[in-house]
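**Q** Take the sequence shown: its position 557, counted from the start at 1, is 557 in the UniProt record's numbering, and no numbers get skipped. We put the CB at the ideal spot given by N, CA and C, even for glycine. Take this structure first; my questions come after.
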Amino acid sequence: MFSYDTNAPIDYDVKTQNWFQLNTSLYTPCNTSNFLVNNYDITKLDQILTTVNQYNGLHIRTIAINGKIPGDTIVVPLGAEVILRVKNRLNTESFTMHVHGLDKQGLWYTDGVAFIQQCPIPVGSDYSYRFIADTPGTHFYHGHLGSDRGDGVVGGFVVMRPEEITPNLFGDRLDIGREYYALLQDIGVVSSYDQILAMDMMTIKYANNMDAQASTCTSDTCWNRTRNYDGSAIAFLSPLSAFLINNKGWHSEKDLRNMPSNLPLTTFLIKKGENIKFRLVNGGIGHPIMIWLEYHKLIVVAADGLEIKPAKVDAIVIFPGERYDILIQGLSNPRQKNYRFIFETMEQFNWELRPNEKSIGLANLQYEDSTLLDTNIVDFYHTSCMEQNKCVVLNCPFRNFAMSFNYICFNAVDLENGVEIEDKEVIEQKVFTEGYEEYFINIDHDNMMNGVSFKFPKGMPYYSNENENQIFTPCESSICNSQTMSVSENMPMMSSTGNCNCFNVYNFALNNIVQLTLYNMGNGGTYQNGFTHPFHLHGTHFYVMKLVYPPMYDENGILNSFSGDIPCHDSMQNCYGLKWTNSSWLNGNVEGMSKNPTLRDTIIVPTGGYVVIRFRAKNPGWWFAHCHLLIHDLAGMAFAVRVGNNEEIPKPPNGFPHSSRQTMQ
C-alpha cells in the first residue's frame with residue numbers, strides 16, 4: 001500500500017484498525033512509523049486515505065494511471081467525441097491503450113493493439129486516441145502490450161445513453177438513483193510479468209519459493225495448478241494473493257474469513273427498498289470469479305454493455321473481459337448493517353482432483369439507514385441454497401454442477417436480447433448461398449488456435465500491403481491445421497516442414513455475414529489439460545447463436561466426453577480442420593440456434609464444447625481476436641482480422657506514426 005500523494009508506504013493493523021505511514025528516512029529504524037488514523041474516525045479517515053492505493057494490503061510495485069490503481073472510471077455520453085491523452089512516464093516500457101467494448105466504427109487505428117493498429121507508445125512520449133463513443137454500456141480500458149493489463153494499466157469506461165433507464169423483471173423501466181462500477185482483478189503472489197516468465201522457463205511449480213530445498217518441499221513451497229468444477233484447468237499461474245474490488249483487496253484469507261468487519265473493504269451504500277445498479281467488470285488476467293451477495297437476488301439487465309431481458313439469479317460467474325450489469329433491490333427490513341459480496345475462485349479441485357479450498361474476496365453492501373451493528377459472520381457456504389430450492393448460477397463454464405451441489409446453471413446462451421434485432425438476416429437459420437462466410441476454429445490449447453501460435457508482425461500490415469511477407473511470417477495452413485501434425489504439451493506447434501508460429505489472419509469481405517464456430521476439443525480440450533477460454537473480438541459485437549457443452553460428466557461433475565456435433569474423438573492425434581458431423585448444418589443451417597440471441601464481444605468457449613457466433617462484417621479495418629486470459633493471449637492464442645480490402649479500409653490521418661520493425665532481426 002502507498003499514498004500517491006506523498007509517495008509514502010502505508011501499513012494497516014487489522015486487530016487495532018489503525019493506519020500508519022512508514023518512515024522512509026535512512027536515519028530511523030526500519031520499524032519506525034507514524035500513526036495516521038483509526039477506522040472509527042470516519043471524517044478524518046476519508047480525508048487521509050483518499051490518496052491511498054490499498055491494492056492487496058502489501059507493498060508491491062505496480063503501474064499506476066495518474067497515480068491510481070485502477071485508473072479513474074471515465075464516463076461519457078453516447079456519440080461523444082473522446083480524446084484520450086496518454087503520457088508514457090515509465091522508465092523502460094512502451095505500451096498501448098485499448099478501450100474494451102467499443103466498436104470504433106471506421107476508426108480501427110484507434111483501437112490500441114500494438115503492431116497491428118499502432119506502434120507502441122515509447123518511453124517519454126505522449127499519444128492521443130481520438131474516437132467516437134459509439135457503443136453504449138459498461139466497458140473498461142486496459143494496456144494491450146505484454147503484461148500491462150495485469151500490472152495495473154486498467155480502469156473503467158462507461159458510455160451512457162441519454163436519459164438512461166433500466167428494465168426490471170416486470171417489464172417496467174426504472175430510473176436508477178445511483179449506480180456503482182465494480183472493477184474486479186485477480187492479484188497473484190507472483191506478478192503477471194513473472195507468471196509469463198515462469199511459463200516460458202517452465203518454473204511454475206516454484207511460484208511460492210524456488211529456493212526451498214528438495215528435502216523440505218511441501219505444498220507450501222511447491223505449487224501446482226488447480227481445476228474447475230468440471231475438472232478443467234484454471235489459467236492462473238500463481239497462488240492468488242487477493243481479489244481487488246476497485247482498488248481494495250486483502251492478502252490474508254484468514255483475516256477475510258475471521259475478521260471481515262476489521263478490514264478496509266470496498267463499501268457500497270444502499271437504503272432500504274432502494275434499487276441500485278452495479279456494473280460488474282472482470283478486468284483480471286486468469287480467474288473466472290463466482291459472485292454472490294448474501295441474502296439478495298441479482299437481476300441481470302445487461303451483458304457486455306448491451307441490454308438483455310432481465311434475468312433473476314443467485315450468483316454470476318464472470319470471466320476476464322466479460323461485463324454484467326445487475327440490479328439490487330434493498331431489503332425492506334435488513335437484519336445486519338453490512339451484507340457481503342463474496343467473490344470466489346472456481347478452484348473446486350487441486351491438480352490431482354482432490355477437493356480444494358477456494359480463494360475468496362469480499363466487499364460490503366452497507367445499509368446506510370440502518371442502526372444495526374456489523375458482524376464477522378459471513379455466509380461463505382451459501383446456506384440459503386438447498387436441495388429442494390437450488391440456487392441459480394449464471395454463465396457456468398460447464399453444463400451443470402454435480403448433484404451434490406445445491407446449485408443449478410443458467411447458461412449464457414439462454415439469456416435473451418432486450419432490444420429489437422434490426423438486421424434479422426444475420427441470425428437466420430438457412431443455407432446461405434451468397435454474402436456469407438463460415439470458419440471453424442479449434443482453441444483447445446493454451447497457446448494456439450487451429451494449431452497456429454500467433455506471432456505479431458514487425459509493423460502495421462496496413463502500410464505493407466505490397467510487401468506483407470517482409471513484416472510478418474505467413475502461416476502454412478495446410479500444415480498447421482493438419483490432423484497428422486504432432487502436438488507438444490508446452491511449446492508452440494511446429495511441423496517438420498513448416499513454421500506454425502506465424503501471423504495468423506482471417507480476411508472477411510466487407511458487409512458479409514460471418515459465422516465462427518469456436519470449438520474446444522482434442523488433446524488440449526480434455527479434462528486433463530483443457531481450459532474454458534473467454535474469446536474476445538475487437539471491432540464488432542457478435543450474436544451468440546449457440547453454446548454447447550459436453551454431453552457426459554461423471555458423478556463428481558468431471559467431464560469425460562466431447563460434444564458429438566463436431567467429429568472429434570479420443571483416438572485422434574488432434575482435432576484441427578473439422579466441420580459439422582451433420583453436413584446439412586453447413587453454410588448457416590445449424591440446428592438449435594437461439595431465436596433471440598444476445599449481442600456480446602466476449603463469450604466463453606467451454607472445454608469439450610463449442611460456441612457459434614455471427615456478425616455482419618461492416619466495420620472495415622485491421623482488428624484482433626484473442627483469448628482474454630492474459631497468459632494464453634501472450635502465448636499466441638490469437639489471430640488478426642482484416643475486414644475489407646485495402647481500398648475499403650479507412651486510411652489513418654496524415655502523419656500517423658507507423659514506422660515498422662522490419663529492419664530489426
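Three or more beta-carbon pairs under 8 Å between the region 299-316 and the region 414-427, yes or no?
**A** Output reads yes: the region 414-427 touches the region 299-316.
**Q** Tell me the rounded alpha-carbon separation between H445 and G143.
**A** Locating residue 445 in the sequence shown gives position 445, where the first residue counts as 1. Locating residue 143 in the sequence shown gives position 143, where the first residue counts as 1. Between H445 and G143, the C-alpha separation is close to 24 Å.
**Q** According to the neighbour-count rule (16 or more other Cβ atoms, all chains shown, within 10 Å of its Cβ), is E489 buried or exposed?
**A** The residue given as residue 489 occupies position 489 in the sequence shown. With a pLDDT of only 40 at E489, under the threshold of 50, the placement of this residue in the model should not be trusted; the figure read from the coordinates follows. Its Cβ having fewer than 16 others within 10 Å, E489 is exposed.
**Q** From this set, N523, Y407, F615, which residue's C-alpha is nearest V426's C-alpha?
**A** By 1-based counting over the sequence shown, the position of residue 426 is 426. Cα-wise, what sits closest to V426 is F615.
**Q** Go ahead and label V123 buried or exposed: buried means 16 or more other beta carbons lie within 10 angstroms of its beta carbon, across all protein chains shown.
**A** As a position in the sequence shown, residue 123 is number 123, starting the count at 1. V123 is exposed by the Cβ-count criterion.
**Q** With distances taken from CA atoms, which of L516, F503, M448, P620 is nearest D633?
**A** Walking along the sequence shown from the start, residue 633 turns up at place 633. Cα-wise, what sits closest to D633 is M448.
**Q** In whole angstroms, give me the CA-to-CA distance for A64 and G286.
**A** The residue labelled residue 64 in the question sits at position 64 within the sequence shown. The residue labelled residue 286 in the question sits at position 286 within the sequence shown. Roughly 20 Å separates the two Cα atoms.
**Q** Rounded to whole angstroms, what's the CA-CA distance from E179 to A363? Just pull it up for me.
**A** For the purposes of this step, residue 179 is identified with residue 179 of the sequence shown, where counting begins at 1. For the purposes of this step, residue 363 is identified with residue 363 of the sequence shown, where counting begins at 1. Cα to Cα, E179 sits roughly 15 Å from A363.
**Q** Could you tell me how far apart the beta carbons of T110 and D304 are, in whole angstroms, since I believe they sit closer than 8 Å?
**A** As a working mapping, residue 110 is identified with position 110 in the sequence shown. As a working mapping, residue 304 is identified with position 304 in the sequence shown. In fact, because the Cβ distance is near 20 Å, the residues do not count as touching under 8 Å.
**Q** Going by CA-CA distance only, name the one from D148, I83, H536, T138 that's closest to D126.
**A** Residue numbering aside, residue 126 sits at position 126 when the sequence shown is read from its first letter. Looking at the Cα atoms, I83 is the closest of the given residues.
**Q** Here's a check: name, in chain order, each residue in its chain whose Cβ is nearer than 8 Å to the Cβ of N654, leaving out the five neighbours to either side.
**A** Within the sequence shown, numbered from 1, the residue matching residue 654 stands at position 654. So the list is empty, once near-sequence residues are dropped.
**Q** For M97 and Y4, what's the separation of their Cα atoms in angstroms?
**A** Along the sequence shown, read from residue 1 onward, the residue named residue 97 stands at position 97. Along the sequence shown, read from residue 1 onward, the residue named residue 4 stands at position 4. Looking at the two C-alpha atoms, the distance is approximately 22 Å.
**Q** What are the uninterrupted segments assigned as beta strand (DSSP E) that are 3 or more residues long and contained completely in the region 406-460, given in chain order?
**A** Fully enclosed beta strand (DSSP E) runs of 3 or longer: 407-410, 436-442.
**Q** With 16 other CB atoms within 10 Å as the buried threshold, where does A80 fall?
**A** Indexing the sequence shown from 1 puts residue 80 at position 80. Per the 10 Å Cβ criterion, exposed.
**Q** By the 10 Å Cβ neighbour count, where 16 or more other Cβ atoms means buried, how is S404 classified, buried or exposed?
**A** Sequence index remark: in the sequence shown, residue 404 carries index 404 (1-based). Under this definition S404 is an exposed residue.
**Q** How would you write the range of the alpha helix (DSSP H) that T43 sits in, first residue to last?
**A** As a working mapping, residue 43 is identified with position 43 in the sequence shown. Counting along the chain, the alpha helix (DSSP H) containing T43 begins and ends at 42-49.
**Q** Can you tell me the Cα-Cα spacing of F319 and Y549, whole angstroms?
**A** By one-based count along the sequence shown, residue 319 stands at place 319. By one-based count along the sequence shown, residue 549 stands at place 549. When rounded, the distance between both Cα atoms is 17 Å.
**Q** Tell whether a beta-carbon distance below 8 Å holds between N574 and N523.
**A** Against the sequence shown, residue 574 aligns to sequence position 574. Against the sequence shown, residue 523 aligns to sequence position 523. Yes.
**Q** Hey, out of L36, K87, L102, M1, whose CA is closest to N53's CA?
**A** Mapped onto the sequence shown, residue 53 falls at position 53. Among L36, K87, L102, M1, the Cα nearest to that of N53 is on M1.
**Q** Would you be able to state if there are at least three C-beta pairs under 8 Å between the region 241-249 and the region 175-189?
**A** Counting Cβ pairs under 8 Å, three or more are found: they touch.
**Q** Check this for me: beta carbons of F624 and V641, under 8 Å apart or not?
**A** Position 624 of the sequence shown, counted from the start, is the residue given in the question as residue 624. Position 641 of the sequence shown, counted from the start, is the residue given in the question as residue 641. Their beta carbons are under 8 Å apart, which means F624 touches V641 by this criterion.
**Q** Starting from the C-beta of N38, find all residues in its chain whose C-beta is less than 8 Å away, skip the five residues before and the five after it, and write them out in chain order.
**A** For the purposes of this step, residue 38 is identified with residue 38 of the sequence shown, where counting begins at 1. Excluding residues within five positions, the ones whose Cβ falls inside 8 Å are T16, Q17, N18, W19, L45.
**Q** Can you name the residues that DSSP bridges to M386?
**A** Residue 386 sits at position 386 when you count from the first residue of the sequence shown. Answer is N389.
**Q** Along the chain, where does the alpha helix (DSSP H) that runs through A233 open and close?
**A** Taking the sequence shown and counting its residues from 1, one reaches residue 233 at position 233. It is not in any alpha helix (DSSP H) - A233 carries neither H nor E in the DSSP assignment.
**Q** Leaving out five residues before and five after W580 in sequence, what residues of the same chain have Cβ atoms less than 7 Å from its Cβ?
**A** Counting from 1 along the sequence shown, the entry for residue 580 is found at position 580. Here the set comprises D565, I566, L586.
**Q** If you scan the UniProt domain "Plastocyanin-like" (495-645) from start to end, which runs of the beta strand (DSSP E) of 3 or more residues do you find wholly inside it?
**A** With a minimum length of 3 residues, the continuous beta strand (DSSP E) runs that stay inside the UniProt domain "Plastocyanin-like" (495-645) are 505-508, 513-519, 533-537, 542-548, 602-605, 610-616, 621-627, 638-643.
**Q** Please go through the same chain and pick out, in chain order, the residues whose beta-carbon is closer than 7 Å to the beta-carbon of L169, but skip the five residues on each side of it.
**A** In the sequence shown, counting from the first residue as 1, residue 169 sits at position 169. Contacts found: I299, P310, K312.
**Q** With respect to the beta strand (DSSP E) encompassing Y12, which residues constitute its N-terminal and C-terminal limits?
**A** Here residue 12 refers to the residue found at position 12 of the sequence shown. Y12 -> beta strand (DSSP E) spans 8-13.
**Q** Measuring alpha carbon to alpha carbon, tell me which of I10, G577, I74 ends up nearest N450.
**A** Translated into positions along the sequence shown, residue 450 becomes position 450. Closest by alpha carbon: G577.
**Q** Can you list, in chain order, the residues of its chain whose CB lies under 8 Å from that of H541, leaving out five sequence neighbours each side?
**A** Within the sequence shown, residue 541 is the residue found at index 541, counting from 1. Once the five neighbours on either side are set aside, the close Cβ partners of H541 are D103, T135, D304, L306, L599, R600, D601, F615.
**Q** Taking all protein chains shown into account, do 16 or more other C-beta atoms lie within 10 angstroms of the C-beta of D13, making it buried, or fewer, making it exposed?
**A** Within the sequence shown, numbered from 1, the residue matching residue 13 stands at position 13. With fewer than 16 Cβ atoms within 10 Å of its Cβ, D13 is classed as exposed.
**Q** Does DSSP classify residue 666 as helix, strand or coil?
**A** Past the edges of the chain, shown from 1 to 665, lies residue 666, and the structure says nothing about it.
**Q** In chain order, what residues of the same chain have a beta carbon less than 8 Å from the beta carbon of D369, not counting five sequence neighbours either side?
**A** Here the question's residue 369 lines up with position 369 in the sequence shown. Closer than 8 Å at the Cβ level, and outside the excluded window around D369, lie K271, K272.
**Q** With distance defined between alpha-carbon atoms, name the residue in T51, T73, I176, A133 nearest to F140.
**A** Locating residue 140 in the sequence shown gives position 140, where the first residue counts as 1. Minimum Cα distance to F140 is reached at T73.
**Q** Give a yes or no on whether the C-beta atoms belonging to residue 670 and K205 are separated by under 8 Å.
**A** Because the chain here runs from 1 to 665, residue 670 falls outside it and cannot be looked at.
**Q** May I ask you to list the residues that DSSP assigns as paired with residue 703?
**A** The question about residue 703 has no answer here: the residues shown for the chain are numbered 1 through 665.
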